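Numbering (my numbering) for the sequence shown: 31 to 498.
Glycine residues also receive a C-beta, built at the ideal position from the N, C-alpha and C atoms.
None of the values given here were measured: they were computed from a predicted structure.
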Amino acid sequence: MKLYNTMSKRKEEFVPIEEGKVRMYVCGPTVYNFIHIGNARPMIIFDTVRRYFEYKGYEVNFVSNFTDVDDKIIKKANEEQVTAEEISTRYIAECKKDMEAMNVRPATTHPLATQEIPGMIAMIETLIEKGYAYEKNGTVYFRTRKFEPYGKLSHKNLDDLRSGERSLLVTGEDEKEDPLDFVLWKPKKEGEPFWTSPWSDGRPGWHIECSEMSKKYLGEQIDIHAGGEDLIFPHHENEIAQSEAANGKEFAHYWLHNGFLNIDNRKMSKSLGNFRTVREITEQYDPQVFRFFMLSAHYRSPLNFSAELMDAAKNGFERIVTAVENLKYLLGNAKEDAMTAKEQEKFAKTEAFVKEFEGAMEDDFNTADAVSAIFNLVKYANTNTDETSSKEFLEQLKGLIVKLADVLGLIVEKKEEMLDEEVESLIAERQAARKAKNFQRADEIRNELLEKGIILEDTREGVKWKRA
Ligand code: AMP
Ligand code: ZN
């Protein structure tokens, strides 16, 4: 499998640190509002990367943080006259709803910056001990020039940076030894949330968050670190400086960055008034169509969001859904059970589409080509099935389309909603089966319900059920 590494600026073969395992960290959003459709891009892309690794049999430890203390959160809290915690808790919950709608699976761990302060303080202490950080009037700075390889990810030359960037000196920071030094800890201002530290009552800088959380949940060395390309400098460059200075080893082996999402060919920003939230868009369009749209371009290319492109995405996505529906329709009427020899031969040919799909994904996650492979499979299924097809053949074709789409996180098979009465009657049948000691049938019913998203719970008061 080949991945494009921002560090080396080329595609490299993926070799995990630990056989069969992937340790992956993705910088998550700052939670002071509903997430916008730009934030959704890394979520969907790296969820797809994770799914592909899992499809290949890797066990993925996927960590993605929520930045829940930050100037923007504090500003919003002051505007609404509530606590910063109330703001972050609210928008984390909303973000999780959006993720679920887009079929982005929850991370293995979603650490919150505010819950990890002691670890950050310990890391800053290590950096001070090693001479990589210093304190001035309650603020702790990272001594950038002490970290030799600084600039290796963003391919920036330190001397150029230093001479050209006097502007990096913001008011109140003239106590820094060097304009390139960045903040690890800063004292509180009036009315701000704070934590006690050896240097001042205050809060950590943004970059140290990710260094600490990545270390705590994934270890000192990880396979993949990812995020949007705006994070390459200074955020990821600073993370590398902190982690490698503190731990004395290479931080991440592969650095993956997604390109930006623009809107009607313009940068999305509040001042231009063209800011769109995931919530708005998924109310207007099927969230699956939105996910399909995101996967229609290569993740490193810029992607433009427009009504026309969303319409194209809708058509493309529906081609797959319609094929699955057709197969289901044929299945409902099929007479033969088992595949014929001819069908077996035909099914064996689908291997070529699977190869095409995998080939695309293994070439730096080319989801656009992976979608084309699914289209080719869909076309093959459409032209090779009819009323005479066997159940087994139809089932296998449908299963393959659903499986490959699922690797991309696309739900292409509509779940049929079960009516309450249907559920109740199956539960009654299951109770009767158990009474008659027909446990096989009882289990069958439980599984059948589970497939339809109905979860049974055997309690002392009897059987209870809920929708998943
Ligand atoms: P933020 O909350 O701004 O730190 O962003 C969270 C994640 O979304 C980061 O990985 C950003 O790089 C990414 N991101 C923000 N805006 C965009 C955009 N317009 N297109 C693609 N990714 C973005
Ligand atoms: Zn980060």
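Query                                                                                                               : Result
Three-state secondary structure (DSSP) of P209                                                                      : coil
CA nearest to the CA of K166, picked from A400, W215 and D189                                                       : W215
Check whether F281 and S184 have beta carbons under 7 angstroms apart                                               : no
Straight-line Cα distance separating L486 from V493                                                                 : 7 angstroms
K246, enclosing alpha helix (DSSP H) - first and last residue                                                       : W236 to L248
heavy atom of the ligand ATP below 6 angstroms from C125 C-beta                                                     : As presented, the structure is devoid of the ligand ATP, carrying the ligand AMP and the ligand ZN as its sole ligands.
Per-residue DSSP class, three states only, for L479                                                                 : helix
Cα-Cα separation between Y329 and A368, rounded to whole angstroms                                                  : 41 angstroms
N-terminal and C-terminal residue of the beta strand (DSSP E) that M54 is part of                                   : K51 to V56
Beta-carbon spacing of F96, V61 below 7 angstroms                                                                   : yes
CB of G28 within 7 angstroms of CB of W225, strictly                                                                : Look at the range of the chain in this structure, 31 to 498, and you will see that residue 28 is not part of it.
Heavy atom of the ligand AMP within 6 angstroms of M37 beta-carbon                                                  : no
Heavy atom of the ligand AMP within 6 angstroms of C240 beta-carbon                                                 : no
As assigned by DSSP and simplified to three states, the class of L198                                               : Confidence at L198 is low in this model, with a pLDDT of 49, below 50, so its placement is unreliable and the value that follows should be read with caution. Helix.
Residue burial classification, Q272 (beta-carbon count within 10 angstroms, cutoff 16)                              : buried
Distance, P209 Cα to L199 Cα                                                                                        : Confidence at L199 is low in this model, with a pLDDT of 49, below 50, so its placement is unreliable and the value that follows should be read with caution. Taking the straight line joining both Cα atoms gives about 5 angstroms.
Helix, strand or coil at V112 according to DSSP, with G and I counted as helix                                      : coil
Helix, strand or coil at G161 [DSSP, three-state]                                                                   : coil
Element boundaries [beta strand (DSSP E), containing N35]                                                           : K32 to N35
Secondary structure, beta strand (DSSP E): runs of 3+ residues fully inside the region 78 to 136                    : 89 to 94
Distance CB(F383)-CB(N406) smaller than 7 angstroms                                                                 : yes
Rounded distance between the beta-carbons of L157 and F172, thought under 8 angstroms                               : 7 angstroms
Bridge partner(s) assigned by DSSP for N288                                                                         : G258
Of the residues E239, T489 and R460, the one placed nearest R476, counting alpha carbons only                       : R460
Backbone secondary structure at R464 - three-state DSSP                                                             : helix
Inter-stretch contact (C-beta, 8 angstroms, three-pair minimum) for the region 402 to 416 and the region 373 to 393 : yes
CA-to-CA distance, E446 to T418, given in whole angstroms                                                           : 25 angstroms
Euclidean distance between Cα positions of P217 and R233                                                            : 6 angstroms
Within 7 angstroms, strictly: CB atoms of N288 and E250                                                             : no
Proximity below 7 angstroms, CB of S241 to CB of E269                                                               : yes
C-beta atoms of K32 and K39 nearer than 7 angstroms                                                                 : no
Whether I441 touches Q318 by CB criterion (7 angstroms)                                                             : yes
Three-state secondary structure (DSSP) of N334                                                                      : strand
Assigned secondary structure, Y62 (DSSP; H/G/I helix, E/B strand, else coil)                                        : coil
heavy atom of the ligand AMP below 6 angstroms from P72 C-beta                                                      : yes
Three-way DSSP call (helix, strand, coil) for L191 in this model                                                    : helix
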